[in-house]
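Student: Just passing along the structure, written as structure tokens.
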Amino acid sequence: MGVISRLHGQRLYLDSNVLIYAVEGLAEWAEKARLLLAEVDQGRCVAVVSELAIAECLAKPLSEKRRDVVDVYLSLLQTGGGLLVVPVDRQILIDAAAIRAESALKLADAIHAATARAVNCAAFVTNDLRLHSYAGVQTAILADVVQT
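As structure tokens, this is what we get:
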């Protein structure tokens, strides 16, 4: 059980929705998201997120005044323990603009795709079926990445 073997030792870019499932226990995906993060903690793969994920994950708990959830995200979304948090820099924004110009992606998704490409991720793990493989990064649905 866990991350499929072909992705062991690889960098996996995690879309914000994967983090939200793990922290907030949403939908039937919470177990798979938590299992994926456990695999990261055990060193079987490296998880990568953009700093943009911080804003995306914090918006709802801040609006609901859920300081407990905010604190969990702030603790989780730091580089270390198998997680790499990548800053949004000028080159990532330029690459995101190019991805957006060539696709139907929204800017936030293009920033995620550009970040995944910049740090050579093997897969972009998401549950957003609107996302496709862009710019040399293969999109992988959470259910296909984690076996339970």
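Under this note's numbering, think of the first position of the sequence shown as 9, with each following residue one higher. C-beta: ideal position from N, C-alpha, C; glycine also.
(1) What residue range is occupied by the uninterrupted alpha helix (DSSP H) comprising S83?
(2) So, with DSSP's three-state summary, where would you put Q98?
(3) Using a Cβ-Cβ cutoff of less than 8 Å, which residues in the same chain neighbour L113 once the five nearest sequence positions on both sides are dropped?
(4) Hey, how far is the Cα of D97 from the Cα of V154?
(5) Would you tell me roughly how many angstroms separate the C-alpha atoms of L91 and S111, rounded to the nearest one?
(6) Going by beta carbon distance, what residues of the same chain come within less than 7 Å of R42, once the five residues before and after it are set aside?
(7) If I follow the unbroken beta strand (DSSP E) through T134, where does it start and stop?
(8) Whose CA, out of V80, R75, I119, lies closest to the CA of V94?
(9) Just how far apart, CA to CA, sit T134 and I149?
Tutor: With the given structure in hand:
(1) 75 to 84
(2) Inspection of the sequence shows that residue 98 is occupied by Arg rather than by Gln. If DSSP states are grouped into helix, strand and coil, R98 belongs with the helices.
(3) I107, A121, L139, Y142
(4) 31 Å
(5) 28 Å
(6) A30
(7) 131 to 134
(8) I119
(9) 5 Å
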